[in-house]
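J.: Letter by letter, the first sequence follows residues 39 to 923 of my numbering.
From the three backbone atoms N, C-alpha and C, an ideal C-beta is built for every residue, glycine too.
No experiment lies behind these values; they were computed from the predicted model shown.
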Amino acid sequence: MKKSKESLEKAYEPKKHEDDIYKKWESSGFFNPDKLPGKRKNPFTISMPPPNATGTLHLGHASMLAIQDILIRYNRLQGKKTLWVPGTDHASIATQNRVEKLIAEDGKTRHDLGRTQFLQEVEDFVEDSRDTIRNQIRKMGSSCDWTREAYTLSPTLTKVVQETFITMHNDGIIYRGDRIVNWCPRCASTLANDEVKHKTTKGNYYYFKYGPITIGTARPETKFLDKTIIVHPEDKRYKDLVGKTLTIPWMNGDIVAHVIADTAADMEEGTGAMTITPAHSFIDFELAQKHNLPIVQIINEKGELTGHAGEFAGQNANQAREKIVEKMKREGLVEKINTEYEHNLSVCYLCDTPVEPLISKQWFISVDTKAVEWKGKKQSLKEIALDVVKSNDISIVPNRFNKTYFHWIENLHDWCISRQIWFGHRIPVWYNEKEETEISISKPTKEGTWKQDPDTLDTWFSSGQWTFSTLLESPKDNETLTQWKKRSKDVKTFHPTNVLETGYDILFFWIARMILMTTYGMKEIPFETVYLHGMVRDKQGRKMSKSLGNGIDPLDMIKKYGTDALRLSLIVGATPGNDSRLYEEKIAGYRNFVNKLWNISRFIITSVQKPKIITKTPKPTTLSDEWILSQLHFTIEKVTNHLEAFELSAAAETLREFTWNELADWYLEIAKIEKDPSHSPPVGGSDGAGKDDILLYILTSLLKLWHPFTPFVTERIWNELSGSTKNEDLLIVESWPENKKHKPVTDFKTIQNIIIAIRTARAELQVEASNIIDAVITAKPAQQKLITKNQNLFEKLARVTLSNKDYPQKGHVIQESGVTITLHVPVNKEKTKKEIEKLEKYIKALKNKLSNASFIDNAPQSIVQKEQEKLAEAENALQKLKALS
RNA sequence: GGGUCCGUAGCUCAGUUGGUUAGAGCGCUUCGUUGACAUCGAAGAGGUCAGAGGUUCGAAUCCCCUCGGACCCACCA
C-alpha cells in the first residue's frame, strides 16, 4: 500500500491494490485468532467447506467465500476471537477418476500400477494442483487462517477417522453385513443413495405368464429364481391362494413358488400380484428380510449373470436380456411386450453406467442402535440428529429447511460407509487366512497372514468430522481419541463452531452427516447455526454449465471489476436458501458503487484540512449536520441488526442507501455549501473545522461498516485516513461502530421535500437550469424561520432566490409539507388542475375510510389518528392550491 | 405419490409480526459537466402485486382453489 494524496487515482483501480492489501493482511497475522490485538474473549468460528484440492474456483465457491468472509470480518470488528479454518477436500472418487484418465493416456489402469504406486501418482497430482485453489481463495479476499489449513486426507484426519471407526465399532454402531446396495459395475464400487441419478429412458416392458398370474417387469434377466408371489391380504381374487405352494413352468424349467400376503402389493396395479427378486431390488430385499425368504444372487459385481441363469451364465445381464426373452417366447411365457415404456433408469452420478442393485458385504453405520449417551440417556444417532434441531440447539437459516431435514432424518436407513475406491481413508480392519477379523489401525501382531480390508470409507464419514478434526493438534502415539481431543487447545476454544455456511444442495450429504458424526464423536453439536445459500444461476435462471457455455468465471470478473464488486454482486439480492442470478451488468453496477465510495472518500480526504480517524461523535452545528449524524446512527443500528440476523443483503442495501442517496447526494453537496464562507448564513457557530470533524467521523464509521462487504477498497482508504503503515492500525482489526441514540430530524426532511418539490416543478415547467428564479414561501412562523435559516440551501440546491415580493396571481404554486411555494414563473393551469384532481381523489378515499364505523371501532387508535392526520394535511393542501390557482 | 420454493415496473429483485398514495437497482425518456465521481447529477414515464374466492374495519402480506415455473425426496413390482 502506497500512501500520499497523489496515489488516490480518480477512478478506483482494484488491480493496483488488492494483492498488496491481501499480503499485508496475511503477513500481519490477524487471520490467526491467537495474534489478534486486544483482549478477545468470545470466539467466533467458521469451518470452511473444503473445495476439491484439485479444483478451480467457481461462482459457488465465490459466493460461499464472500458470505463467510463477511461474517468473519464483522465478528472480528466486533472484537471476537475470530477463526476461519480453510481446507481442501481430497474428493476421493472425483480425484481418482481424474488420475485414472491421466494414466489411461499411457494405456494404463490403476491395477497395472498397483495400489501403492497409483496412490503416489494421485498424491503428486493433488500436491501439484492444490496451490491453484489456495490462491483463488485468497483472490476473493478470504480472511481465513492459513496456518491452520486442513486437508481431508491429512495424517491427523486419517487418524481421527480410523479411531472413530474403531470406537463406533466397539459401541456396536458400525457393523458389517450383507445388504442390498447400489453398485456401479464400471466404477466397481457401491454408491450412496444420493450418488445415484435417475434418467428417464424409453425401453421395453414385458408381461410374462407366471402360473396363475401375469407379472410385469422391465428386467427379465433378474427373474430366474423368482419363487415368491405377493398379493394384498385384502385382495379377494387371491384369497384362496395365500399360503399355497404352486409348481410353475418358468424360464429354466419348473419351479416351486409360494404365495404370501403383504400390503406391499398394490391391488390396483397390473394383476394385483407380483413376484419378488430380493437380490436385485431394494423393496424386494426388504420384503425378503421381513418374510425370511432366501436371497439369491443372479447378477455379480461385474454385471454378469451367475450360475443361476443356467445357459446364460457369464453373459452381461443387460446384453442377455433379449436372448432371454426370445427363449421365453419359445416356451410360451411371454404375454405381451410394451415397447413404449418410459421409466427412470438409475445411473451412476459419475460415469452414467446403469446401477445394479445387488447384495454385497459392506460396512454400515446403524442409525437406530441406542448406543450414544446424549442428554442423559442412551439414544440412537437418528434420535440425536432429530433432537438437536427440534430443541433448537442447532438452527437452520432459513428455517423452512427444518422440515426437509426432519423428513430426511426420519426416513434414514443404515448408512453404507465402505467404498471400493483406493484414494481415501482405508478401513482399519484386517482379515487372516482363517477368516478371523481384527479391528485396528496397524497390522495385527497375532500370528497369521493379515490382509487389510481393501475398501476405503465414504468421504462423508471423514467430512462429517470436519468441524472438530480440523482443530485437533498433531496426533501422538498411544493416546486415546478422548485424550487427544482433551489436550487440543483449539478444540476447547473454538468448538462447537458458530456458523456452518454452505449450499442447500448438500444439506443431506454433509450437514446431516456432520450432525451424526460430531454429536457422536464430541458429544456436542458441530455448529450453532446452519446458513444455507442458494445456487448462482445465469440471467435466465439456468444453471451455469460448461455445455451451455453460460458460465461466468469469477476470476475474470475480479480482473475486470475487482473483488469488492464481485462480492457485492453475489451478496446483494441474494436471500438465504433461494437461488440468485448473476450477470455481468450487475457486477459492473457494483463496480460503479465501489468507485462511488472511493470518490466520496477522496472528496472528504482532499477537502478536509487534515485527514484523520475520528471515532467520537462530533457536535453538529447545522441542521444538516444533525440530520446526517442521526441518519448515520440509524444506519449503524439497522446494519448491525441485519448482520446479527444473517440478513446480509438487507445490510448491504441499507448501507448503499445511506452512502449514495443520503451522504453523497445530499450531505456532501450541502457540506460544500456550508463550508464556503461566502455562502455562510446567519447560523452561528458553523465553521470549517466542525464540518471537517463530522465528515471524518462519518467516513471513519462508513469504512468500518463497509469493510466486511468490500474489504479491499475500505482498507485502502483507511490507510489514507490513518496515515499509518503499522499492522495494528489496519482497518481489519478496528472496532465496529457502536449503536448510538438517534431520533429523526424532521425539520431537515421538510427542507429536503421542499427542495425536491421545487426541482420537480422546474423540470416540469422546463425552466433552464441556469435560470435562478424567485420563490415566495409562505408557512407557519416556526417553519418560516427554518426556511430563512437555510435559504442558502434553496439557492444552491433548488436554484431559487427566496423573496418577499408578493405576486401570487402570476406564480406557479406548489403545496409541500404544509408549505406554499410560489415560483416566479408563468402559472401552469393544467398542472395545477391535475394536482387538484389527484388530491381530491386521495381525500375521498381517506374520508371513506374514516366514515366507516367499523374501521373506527376496530382499528387501533394510533392507526385511526394517523389517517386523520393524513386527511387534515391533504385538505389543507387542497384548500391552498384552490385558493391560489 | 409426498414435500419445498417462486410468480410484484421492460429486466433482476426488496417488501420483516396484515395498516405506504406499493419500493430499489439496471434499462428507458428529458435536462444537466467551471476540480469527489459521466464508473456522475436532477427530474420523469412505467405496476388491476399470476387469476378466482374467503377471513378481516383493512390483504402484495393470512387461508383455500386454479394456472404457470423451479427444485427436493420417494418410486413405478
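For Phe-246, which three-state DSSP category applies?
T.: Within the first sequence, numbered from 1, the residue matching residue 246 stands at position 208. Three-state DSSP puts Phe-246 in a strand.
J.: Using DSSP with H/G/I as helix, E/B as strand and the rest coil, what is Asp-812?
T.: For the purposes of this step, residue 812 is taken as residue 774 along the first sequence, with counting starting at 1. Note: Asp-812 maps to strand in three-state DSSP.
J.: CB-CB under 7 angstroms to Trp-453, same chain, minus the five flanking residues each way: which ones, in chain order?
T.: Sequence index remark: in the first sequence, residue 453 carries index 415 (1-based). Answer for Trp-453: Phe-402, Ile-403, Val-405, listed in chain order.
J.: Look at Tyr-621 and Asp-576 and say whether their C-beta atoms are less than 8 angstroms apart.
T.: Mapped onto the first sequence, residue 621 falls at position 583. Mapped onto the first sequence, residue 576 falls at position 538. Against a cut-off of 8 angstroms, the Cβ pair of Asp-576 and Tyr-621 comes out as a contact.
J.: Please confirm whether Leu-835 and Ile-815 have their CB atoms less than 8 angstroms apart.
T.: Against the first sequence, residue 835 aligns to sequence position 797. Against the first sequence, residue 815 aligns to sequence position 777. Cβ atoms of Leu-835 and Ile-815: not closer than 8 angstroms.
J.: Could you check if Asn-699 belongs to the surroundings of the ligand SAM, using beta carbon to heavy atom distance under 7 angstroms?
T.: With respect to the ligand SAM, the structure offers nothing, as it holds no ligand at all.
J.: Tell me which residues share the same chain as Glu-905 and place their Cβ nearer than 7 angstroms to its Cβ, disregarding the 5 neighbours each side in the sequence.
T.: Against the first sequence, residue 905 aligns to sequence position 867. The answer, listed in chain order, is Leu-884, Lys-887, Leu-888.
J.: At 3 residues or longer, and completely inside the stretch 777 to 802: list those beta strand (DSSP E) runs for me, N to C.
T.: Listed in chain order, there is nothing to give.
J.: Take every Cβ of the stretch 523 to 535, pair it with every Cβ of the stretch 387 to 402, and state whether three or more of those distances are shorter than 8 angstroms.
T.: Cβ pair count under 8 angstroms is below three, so no.
J.: Shortest alpha-carbon distance to Asn-588 belongs to which of Arg-619, Lys-843, Glu-349?
T.: Mapped onto the first sequence, residue 588 falls at position 550. Closest option to Asn-588, Cα to Cα, is Arg-619.
J.: Just how far apart, CA to CA, sit Asp-594 and Glu-360?
T.: In the first sequence, the residue the question calls residue 594 occupies position 556. In the first sequence, the residue the question calls residue 360 occupies position 322. Taking the straight line from one Cα to the other gives about 53 angstroms.
J.: When DSSP labels each residue in this structure, what does His-745 get in the three-state scheme?
T.: Your numbering for residue 745 matches position 707 in the first sequence. DSSP places His-745 in coil when its eight states are reduced to three.
J.: With DSSP collapsed to three states, give me the class of Ala-912.
T.: Mapped onto the first sequence, residue 912 falls at position 874. Helix.
J.: Output the distance between the C-alpha atoms of Leu-670 and Pro-898, rounded to the nearest integer angstrom.
T.: Within the first sequence, residue 670 is the residue found at index 632, counting from 1. Within the first sequence, residue 898 is the residue found at index 860, counting from 1. Computed Cα separation, rounded: 32 angstroms.
J.: Look at Ala-129 and Ala-91 and say whether their C-beta atoms are less than 8 angstroms apart.
T.: Residue mapping note: residue 129 aligns to position 91 of the first sequence, counting from 1. Residue mapping note: residue 91 aligns to position 53 of the first sequence, counting from 1. Yes, these two residues count as a Cβ contact at 8 angstroms.
J.: Please name the residue in Leu-734, Trp-744, Lys-657, Glu-685 whose C-alpha comes closest to that of Phe-696.
T.: Numbered from its first residue, the first sequence carries residue 696 at position 658. Among Leu-734, Trp-744, Lys-657, Glu-685, the Cα nearest to that of Phe-696 is on Trp-744.
J.: Do Val-160 and Phe-461 have their CB atoms nearer than 8 angstroms?
T.: Reading the first sequence from its first residue, position 122 is the one you call residue 160. Reading the first sequence from its first residue, position 423 is the one you call residue 461. Contact: yes.
J.: Classify Arg-368 as buried or exposed, calling it buried when 16 or more other Cβ atoms lie within 10 Å of its own Cβ.
T.: By 1-based counting over the first sequence, the position of residue 368 is 330. Under this definition Arg-368 is an exposed residue.
J.: Let me confirm a value: Gln-155 is counted as buried when at least 16 other C-beta atoms fall within 10 Å, else exposed. Which label applies?
T.: Start at 1 with the first residue of the first sequence, and residue 155 comes out as number 117. So Gln-155 ends up on the exposed side.
J.: Cα separation between Ser-181 and Ile-755?
T.: On the first sequence, position 143 is the one that residue 181 refers to. On the first sequence, position 717 is the one that residue 755 refers to. Each residue's alpha carbon lies about 18 angstroms from the other.
J.: Out of Tyr-276, Pro-287, Phe-320, which has the shortest C-alpha to C-alpha gap to Ala-299?
T.: Position 261 of the first sequence, counted from the first residue, corresponds to residue 299. The shortest C-alpha separation from Ala-299 is found at Tyr-276.
J.: When the Cα atoms are used, what is the spatial distance from Asp-57 to Gly-600?
T.: The count along the first sequence starts at 1 and reaches residue 57 at position 19. The count along the first sequence starts at 1 and reaches residue 600 at position 562. Using only the alpha carbons, I get a separation of about 11 angstroms.
J.: Could you say which of Lys-374, Phe-546, Leu-741 lies nearest to Asn-242 if we only look at CA atoms?
T.: If you number the first sequence from 1, residue 242 lands on position 204. The option with the nearest alpha carbon to Asn-242 is Lys-374.
J.: How long is the line joining the alpha carbons of Asp-273 and Ala-347, rounded to whole angstroms?
T.: Taking the first residue of the first sequence as 1, we reach residue 273 at position 235. Taking the first residue of the first sequence as 1, we reach residue 347 at position 309. If I take the Cα positions, the gap works out to 32 angstroms.
J.: Have a look at Leu-667 and Glu-682 and give me their C-alpha separation to the nearest angstrom.
T.: As a working mapping, residue 667 is identified with position 629 in the first sequence. As a working mapping, residue 682 is identified with position 644 in the first sequence. Near 23 angstroms, if we compare the C-alpha coordinates of Glu-682 and Leu-667.
J.: Under a three-way DSSP split, which group does Pro-395 fall into?
T.: Here residue 395 is taken as the residue at index 357 of the first sequence, counted from 1. Strand, per DSSP.
J.: What residues match up with Asn-189 in a beta bridge as DSSP calls it?
T.: Walking along the first sequence from the start, residue 189 turns up at place 151. Per the sequence presented here, residue 189 reads as Tyr, with Asn not at that position. Its beta-bridge partners are Thr-126.
J.: So, do the stretch 106 to 120 and the stretch 133 to 142 have three or more beta carbon pairs nearer to each other than 8 angstroms?
T.: Counting Cβ pairs under 8 angstroms, fewer than three are found: no touch.
J.: Would you identify the three-state DSSP class for Val-857, choosing helix, strand or coil?
T.: Within the first sequence, residue 857 is the residue found at index 819, counting from 1. Three-state DSSP puts Val-857 in a strand.
J.: Tell me the residue span of the alpha helix (DSSP H) that contains Arg-176.
T.: Working through the first sequence from its first residue, we reach residue 176 at position 138. Counting along the chain, the alpha helix (DSSP H) containing Arg-176 begins and ends at 153 to 177.
J.: Assign Cys-389 to one of two classes, buried (16 or more other C-beta atoms within 10 Å of its C-beta) or exposed (fewer than that).
T.: For this step, residue 389 is matched to residue 351 along the first sequence. Exposed is the call here.
J.: For Ala-299, which three-state DSSP category applies?
T.: Counting from one through the first sequence, the residue named residue 299 turns up at place 261. If DSSP states are grouped into helix, strand and coil, Ala-299 belongs with the strands.
J.: Would Gly-341 be called buried (16 or more neighbouring beta carbons within 10 Å of its own) or exposed?
T.: In the first sequence, the residue the question calls residue 341 occupies position 303. Under this definition Gly-341 is a buried residue.
J.: Does the distance from the CB of Val-427 to the CB of Asn-440 come in under 8 angstroms?
T.: By one-based count along the first sequence, residue 427 stands at place 389. By one-based count along the first sequence, residue 440 stands at place 402. A contact, by the Cβ cut-off of 8 angstroms.
J.: Measuring CB to CB, does Ala-942 end up less than 8 angstroms from Arg-837?
T.: Lying outside 39 to 923, the shown extent of the chain, residue 942 is not represented and no answer is given.
J.: Rounded to the nearest angstrom, how far is the Cβ of Ile-286 from that of Asp-292, given a contact under 8 angstroms?
T.: For the purposes of this step, residue 286 is taken as residue 248 along the first sequence, with counting starting at 1. For the purposes of this step, residue 292 is taken as residue 254 along the first sequence, with counting starting at 1. Contact holds; Cβ gap of about 7 angstroms.
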